[in-house]
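Remarks on the structure that follows.
Protein chains: 2
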Amino acid sequence: MDKPTSRRLGGRVTIREVAEDAGVSVAAVSKVLRDAYGVSEAMRLKVRESMAKLSYRPHSAARGMRGQTYTVGVLMADMKNPFFPELIDGIDDGLAGTQYLPLFGIGHGSSSVETAIVHAMVDRQIDGLIMIGQRLATSDLEAIASEVPVVVIGHHAPDAATFDSANNDDERGGALVVEHLLAQGYRRPAMITLGRNDLGHADVSQKREVGFIDAMRRAGFADDQIRIAPADDGLDDVTATVRALLEGPEPPDAIFGWADYYALEVLSAVRALGFRVPDDIGLIGYDNAAPCAFTQNGLTSVDQFGREIGRQATRLLIERIKGRTQAEHFLVQPKVVLRSSSAARVTQPDA
Amino acid sequence: MDKPTSRRLGGRVTIREVAEDAGVSVAAVSKVLRDAYGVSEAMRLKVRESMAKLSYRPHSAARGMRGQTYTVGVLMADMKNPFFPELIDGIDDGLAGTQYLPLFGIGHGSSSVETAIVHAMVDRQIDGLIMIGQRLATSDLEAIASEVPVVVIGHHAPDAATFDSANNDDERGGALVVEHLLAQGYRRPAMITLGRNDLGHADVSQKREVGFIDAMRRAGFADDQIRIAPADDGLDDVTATVRALLEGPEPPDAIFGWADYYALEVLSAVRALGFRVPDDIGLIGYDNAAPCAFTQNGLTSVDQFGREIGRQATRLLIERIKGRTQAEHFLVQPKVVLRSSSAARVTQPDA
DNA sequence: TGTTCTACGTGTATCGTTCTACAATATGCT
DNA sequence: AGCATATTGTAGAACGATACACGTAGAACA
Chain A
-19 MDKPTSRRLG GRVTIREVAE DAGVSVAAVS KVLRDAYGVS EAMRLKVRES
31 MAKLSYRPHS AARGMRGQTY TVGVLMADMK NPFFPELIDG IDDGLAGTQY
81 LPLFGIGHGS SSVETAIVHA MVDRQIDGLI MIGQRLATSD LEAIASEVPV
131 VVIGHHAPDA ATFDSANNDD ERGGALVVEH LLAQGYRRPA MITLGRNDLG
181 HADVSQKREV GFIDAMRRAG FADDQIRIAP ADDGLDDVTA TVRALLEGPE
231 PPDAIFGWAD YYALEVLSAV RALGFRVPDD IGLIGYDNAA PCAFTQNGLT
281 SVDQFGREIG RQATRLLIER IKGRTQAEHF LVQPKVVLRS SSAARVTQPD
331 A
Chain B
-19 MDKPTSRRLG GRVTIREVAE DAGVSVAAVS KVLRDAYGVS EAMRLKVRES
31 MAKLSYRPHS AARGMRGQTY TVGVLMADMK NPFFPELIDG IDDGLAGTQY
81 LPLFGIGHGS SSVETAIVHA MVDRQIDGLI MIGQRLATSD LEAIASEVPV
131 VVIGHHAPDA ATFDSANNDD ERGGALVVEH LLAQGYRRPA MITLGRNDLG
181 HADVSQKREV GFIDAMRRAG FADDQIRIAP ADDGLDDVTA TVRALLEGPE
231 PPDAIFGWAD YYALEVLSAV RALGFRVPDD IGLIGYDNAA PCAFTQNGLT
281 SVDQFGREIG RQATRLLIER IKGRTQAEHF LVQPKVVLRS SSAARVTQPD
331 A
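Chains as they are written, first to last, in this note's numbering: chain A, -19 to 331; chain B, -19 to 331.
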């Protein structure tokens, strides 16, 4: 018969051992751990000391059975978008100094995968969920939001009451693109974007389309002069669509790619077809992701201040976790960042 | 007083309710869940039916208290490397058809952040851990490996007994670069890579350096003709180093950037300084990440078959989880993929 | 002195699952 | 028939933390 005091399991230090070492009750240690009410300074110190001495780490799975896990889930639509790291940096900013730690899931642009990941996260008792560019419908989101606090990024739902959102004003951004291109002297802008999907107006790409169309109308273009060409991402599809645009009748003199990762493929296609940027054709993206600044890309883009969006999303989430139930929707105003890809016509007014 | 049979908590269906519905014991349901021994076909069917009917999902946190969570952790060094998505695809391949689900952590290139994330994952009772390009020392790895099955990617430790690894042969890859550049007619290749760090020969960039140096020697270069310039990543540092190389005495006629994400910055710097690629200077990267194929990059690169590496890493991890204790180290042979950035001299033999 | 309040601690049921030990029944072998 | 051995199922104790309901000591006040 062993001493009953030394029965530790699997080498892991438990709250019980800490309590023994500090000479207090298990409940007291738990309180210290959670910064809960009813702990004297002396006790807090004593317990923290024992925890450090034994290098105790709370067992999240066990925590999850009764209380919080101090884990927030972050669902990313995919890994290939160079804009997302900026959002993640913002999320890290927002989490710094808290007990919370982010764990990521990758949706690979499939709503069934996303659903599976969200379920898995909920099953693992995450305390909150940030979804970046997810493909789920608002109704699905509300179902999830009833189980766990949710903040979405890249999905406009200003009327949603059960979850929060953090976004830039994509509709305004779409308009900025038109204003910028016209100011640079371009006369026949076209947009190229993802093929039709069933996301309705929540989807940011569609918001950008709407802004683009409205601004074109305001600038005096007739509806049949406003061109929005669809292409799935990937070099093959984008190249085919770009070729159809540029080698067809009345080719555009500038192209707006709905997002940077996508506009960089457009740039590749344009160059592969033998056109010069910006002399033959202007180009602008959206996000102002890091690679835009590379000399070989020099891509003008609409900055949506991703880091700030990430920060705000995190703030909203933590507020939700702490108990806020009224929805809040954060919106930041985007801004055009000029680079060489759209700088052509500025010196030669009117064609 | 409520019927004691209908006491479900927080809206969640539990194993108890499934058992009740199917008319069997809780233990039996658990067995079905785990595909454990001692369940008749009839019972399996009955239970699965009840689970579907009640749309039961096992509570991972509770599982974690006794058994597995069926979650594997994946620690990525950072988010900005366009090669990693390929590895992730491979990991997804390997996990497809199993019960396991990956959750990701992002280390931001800091070993303290990495340690925190690994701890958090272990505390959450992950069943296994894949580490991609991590910065921890082999000794730290062994400590972690004693708590949980570990497979590393991008870290050579062929003698490690407590964890597995999956890699390409980076030393051979470094040599391939030299052979390729010389075959293309370049005469003064240089390498540019990360600044000194303390990772010793485990680090893949150092393996590539070793291969580069050895191949240069074999080709007849004296040691003082073999140039390896350090630069931290980021356009500023890379540009400064590239300028020093190209505007200094005896400038190289080709540059090997240690990884693609980094070589694309080199390309940006080279162009910003007014040099033409490949005419003035050849360029080659490593990884054969997706953006290499863009026309504006056209970056020759060493393909290390990331998807296969991801697949193998996952296979190794699952084997470990199932009980294998003998270490296994997978190695794939890399291959040069020619693009325009190094195609210059092939038509004009010797300078 | 007695009463009430507040601050600080404790004991212990509980969370949803797994897993060990064992019971009950069926099957195989002499 | 009698006994050993599979096979299939059950009961109930963990697992490690949380949180509720209390207990107690001391201060404040009449």
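Here a beta-carbon is modelled for each residue, glycine too, at the ideal position from N, C-alpha and C.
Within 10 angstroms of the beta-carbon of residue 240 (chain A) lie 16 or more other beta-carbons, which makes it buried.
Here residue 288 (chain A) is actually not in contact with residue 316 (chain A); their C-beta atoms are around 17 angstroms apart, not less than 8 angstroms.
Separation of residue 302 (chain A) and residue 103 (chain B) (C-alpha to C-alpha, rounded to the nearest whole angstrom) is 23 angstroms.
Residue A:284 holds the alpha-carbon nearest to the alpha-carbon of residue 149 (chain A) among A:10, A:292, A:284 and A:-8.
The shortest CA-to-CA distance from residue 133 (chain B) to any of B:294, B:298, B:304 and B:281 is the one to B:294. In the three-state reduction of the DSSP assignment, residue 99 (chain A) falls in the helix class, which pools H, G and I.
Within chain B, the residues whose beta carbon sits less than 8 angstroms from that of residue 51 (chain A) are 100 and 104, listed in sequence order.
Residue state for residue 85 (chain A) is assigned as strand, using DSSP reduced to three classes.
Beyond the five residues adjoining it in sequence on each side, residue 84 (chain B) comes within less than 7 angstroms, by CB distance, of 54 and 56 in the same chain, given in chain order. Residue 25 (chain A) sits exposed, since fewer than 16 C-beta atoms from the chains shown fall within 10 Å of its C-beta. Membership of residue 315 (chain B) in the beta strand (DSSP E) is indicated by the continuous run 315 to 317.
In terms of Cβ geometry, residue 298 (chain B) and residue 78 (chain B) form a close pair [threshold 9 angstroms]. At the C-beta level, residue 318 (chain A) and residue 280 (chain A) come within 9 angstroms of one another. Counting along the chain, the unbroken alpha helix (DSSP H) around residue 293 (chain A) starts and ends at 286 to 301.
With distances taken between CA atoms, residue 183 (chain B) lies nearest to B:117 out of B:141, B:15, B:158 and B:117. Looking at the DSSP output, residue 147 (chain B) bridges to B:311. Counting only residues of its own chain and dropping the five nearest sequence neighbours on each side, residue 36 (chain A) has a CB closer than 6 angstroms to the CB of -7 and -2. Annotation note: the segment 24 to 88 of chain A contains the following uninterrupted beta strand (DSSP E) runs of length 3 or greater, listed N- to C-terminal: 51 to 56 and 81 to 86. Separation of residue 30 (chain B) and residue 75 (chain B) (C-alpha to C-alpha, rounded to the nearest whole angstrom) is 27 angstroms. For residue 237 (chain B), the three-state secondary structure derived from DSSP is strand.
At a cut-off of 9 angstroms, the C-beta of residue 245 (chain B) has a neighbouring C-beta in chain A. Counted as a single uninterrupted DSSP element, the stretch harbouring residue -6 (chain A) is not any beta strand (DSSP E), since DSSP gives it neither H nor E. Per DSSP, the beta-bridge partners of residue 263 (chain A) are A:235. Contact annotation, residue 309 (chain A) with residue 82 (chain A): C-beta distance approximately 22 angstroms; criterion of less than 8 angstroms not satisfied. Taken in chain order, the members of the segment 254 to 279 of chain B whose beta-carbon sits within less than 8 angstroms of a beta-carbon on chain A are 270, 271, 273, 274, 275, 276 and 277. For residue 204 (chain B), the number of other beta carbons within 10 angstroms of its own is below 16, and it is reported as exposed. Counting along the chain, the unbroken beta strand (DSSP E) around residue 207 (chain B) starts and ends at 207 to 210.
Within chain B, the residues 103 have their CB atoms less than 9 angstroms from the CB of residue 38 (chain A), given in chain order.
Contact annotation for residue 215 (chain A) against chain B: 273 and 274 [CB-CB distance below 8 angstroms, chain order]. In the same chain as residue 47 (chain A), and ignoring 5 residues on each side of it, the C-beta atoms closer than 8 angstroms to its own belong to 14, in chain order. For residue 281 (chain A), there is no enclosing alpha helix (DSSP H); the enclosing beta strand (DSSP E) covers residues 280 to 283.
Bounds of any beta strand (DSSP E) do not take in residue 191 (chain B); it lies within the alpha helix (DSSP H) bounded by 184 to 198.
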